[in-house]
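Below is one structure, written out as structure tokens; comments come after it.
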Amino acid sequence: MEPIQPFNCGCGCNKPEASAPAPAPTDAGAGWTKTIVLAALGLGFWYAVYANLHSFSTFFTYSLLGIERPSRLGDAVQFFVYDTPKVMLLLTLIVFAVGVLRSFFTQERTRKYLAGKRESAGNVMAALLGIVTPFCSCSAVPLFLGFVQAGVPLGVTFSFLIAAPMINEIALVLLYGLLGWKVAALYLGTGLLIAMVAGWVIGRLKLEGWMEDWVRELRAGEAVVFEQRLSWRDRLDQGREAVRDIVGKVWIYVVAGIAVGALIHGYVPEDFMASIMGKQRWWSVPAAVLVGIPMYSNAAGIVPVVEALLGKGAALGTVLAFMMSVIALSLPEMIILRKVLKPQLIAVFVLVVGSGIVCIGYLFNMIV
3 MEPIQPFNCG
13 CGCNKPEASA
23 PAPAPTDAGA
33 GWTKTIVLAA
43 LGLGFWYAVY
53 ANLHSFSTFF
63 TYSLLGIERP
73 SRLGDAVQFF
83 VYDTPKVMLL
93 LTLIVFAVGV
103 LRSFFTQERT
113 RKYLAGKRES
123 AGNVMAALLG
133 IVTPFCSCSA
143 VPLFLGFVQA
153 GVPLGVTFSF
163 LIAAPMINEI
173 ALVLLYGLLG
183 WKVAALYLGT
193 GLLIAMVAGW
203 VIGRLKLEGW
213 MEDWVRELRA
223 GEAVVFEQRL
233 SWRDRLDQGR
243 EAVRDIVGKV
253 WIYVVAGIAV
263 GALIHGYVPE
273 DFMASIMGKQ
283 RWWSVPAAVL
293 VGIPMYSNAA
303 GIVPVVEALL
313 GKGAALGTVL
323 AFMMSVIALS
333 LPEMIILRKV
343 LKPQLIAVFV
353 LVVGSGIVCI
363 GYLFNMIV
């Protein structure tokens, strides 16, 4: 059988790594000084804009546009004008920083770290590596095949495949910027817990026979890693490239998500959301998971909706369960994984991860 070619969704996750450019014959000290000065000025400008967004949104909505205060239209417009630049500023800063960090964690190196690791310790390491390793739904099959060839256990592989899309830098920074560090920390901790436990459970079930036959016939071998020497200038270039690739692709989802959030914030009565997504509705958590699975969105598009739902009285556990199911159990990823997994294994994957998300949702609704 011919090898599967990497999918290309346009996000840059499967782009071949370019060789490090030859260092330019310039004064390294002067170059670093210029870089540091520009970075300090850029951060200062970033903070000045970020700190004045609320004042600007109030002025723009009620003084410049002349919208009556208070009003549903005014609430919606101010939400949109405030959140759009706020999310884009946060997104640009964190994507650049993580782009630099990811230059230390390539997919090939991740396979090498996980190869030969026993379950339990491997599940923990895989979930943690999933946070910083470049991933999207289109890279699920190439990564899965690479892990199999490297001898990574099935359960450890699933811990990575769960953590990588769900606990990414975009989700964490937007949750932090819009909802505070406590919600972001809860999401990070519970997301890691789901990835570790679900991967461990799948590994204990010994379901290797439910991989496609041609996948099981792949001969496990040593993961080969081609080390690439990168200077800090190369790593900063990768950070800028990440901003251009990722922010350039997801900005439309950001704007769409904030627009939906603005409509919810301005026009949906608070008691309405509390009546269908409140703590008192026992069915709200599993219903939120079932609704989220067939949806396809990324964290940039779903977090503003989460913010608006929470602002209108929806329970935290229900809303986070909805967000996790949208990101971790997206229908496109299931369709792509069907190329290497039999339907029975995909069903077990959805059941185990979905059950973990439901449990987390109920737990949050009980204690928060």
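Counting in the numbering used here, the sequence shown tops out at residue 370, every number present.
In this text, a Cβ means the ideal position worked out from N, Cα and C, and glycines have one as well.
Membership of Ser332 in any alpha helix (DSSP H) is not indicated, and neither H nor E is assigned to it by DSSP.
DSSP assignment within the segment 69 to 93 yields no whole beta strand (DSSP E) run of 3 residues or more. Take Val352, set aside five residues on each side of it, and the residues of its chain with a beta-carbon closer than 8 angstroms to its own are Ile295, Leu331, Met336, in chain order. With respect to the 9 angstroms criterion, Met326 and Met168 are classified as neighbours on the basis of their beta carbons. Our two residues, Leu238 and Ile248, have alpha carbons roughly 15 angstroms apart in a direct line. In this structure, Ile196 sits near Gly358, with a CB-CB distance shorter than 9 angstroms.
A Cβ-Cβ distance of about 5 angstroms is found for the pair Val83 and Phe62, placing them in contact under the 8 angstroms criterion.
Just so you know, the alpha carbons of Ala317 and Leu181 end up roughly 13 angstroms apart.
Residue environment analysis places Gly211 among the exposed positions, since fewer than 16 neighbouring C-beta atoms fall within 10 angstroms of its C-beta.
Burial is judged here by how many other beta carbons sit within 10 angstroms of a residue's own beta carbon; Phe146 has at least 16 and is buried. Exclusion of the five residues before and after Ala128 leaves Leu116, Val158, Ser161, Phe162 as the residues of its chain whose Cβ lies within less than 6 angstroms of its Cβ. A distance below 8 angstroms between beta-carbons, with the five flanking residues on each side excluded, links Lys88 to the following residues of its chain, in chain order: Tyr52, Leu55, Gly179, Leu180. The residue among Arg242, Ala187, Pro155 with its C-alpha nearest the C-alpha of Phe98 is Arg242. Taken through DSSP and simplified to helix, strand or coil, Met297 comes out as coil.
Residue environment: Trp216 is assigned as exposed (fewer than 16 neighbouring CB atoms within 10 Å of its CB, all protein chains considered). Shown here for Val102: same chain residues with a beta carbon closer than 7 angstroms to its own, the five before and five after excluded, namely Arg237, Leu238, Gln240, Gly241 in chain order. Between Val134 and Ala166, the alpha-carbon positions lie close to 8 angstroms from each other.
CA-to-CA, the gap between Ala50 and Val39 works out to about 17 angstroms.
Cα atoms of Thr86 and Val328: separation of roughly 21 angstroms, rounded to the nearest angstrom.
Sorting Met213, Ile266, Val126, Ala41 by C-alpha distance to the C-alpha of Gln80 places Ile266 at the top.
For Ala152, there is no enclosing alpha helix (DSSP H), as DSSP gives it neither H nor E. For the alpha helix (DSSP H) assignment, the uninterrupted runs of no fewer than 4 residues enclosed by the segment 242 to 324 are, from N- to C-terminal side, 250 to 269, 272 to 279, 286 to 294, 301 to 313. Out of Val287, Val175, Val360, Val270, the CA that lies nearest to the CA of Leu75 is found in Val270.
For Ile369 and Leu67, the gap between their C-alpha atoms comes out near 42 angstroms.
By the Cβ neighbour-count rule, Thr192 is buried, with 16 or more other Cβ atoms within 10 Å of its own.
Straight across, the Cα-Cα distance linking Trp284 with Ala264 is about 27 angstroms.
Rounded to whole angstroms, the separation of the alpha carbons of Leu95 and Ile338 is 31 angstroms.
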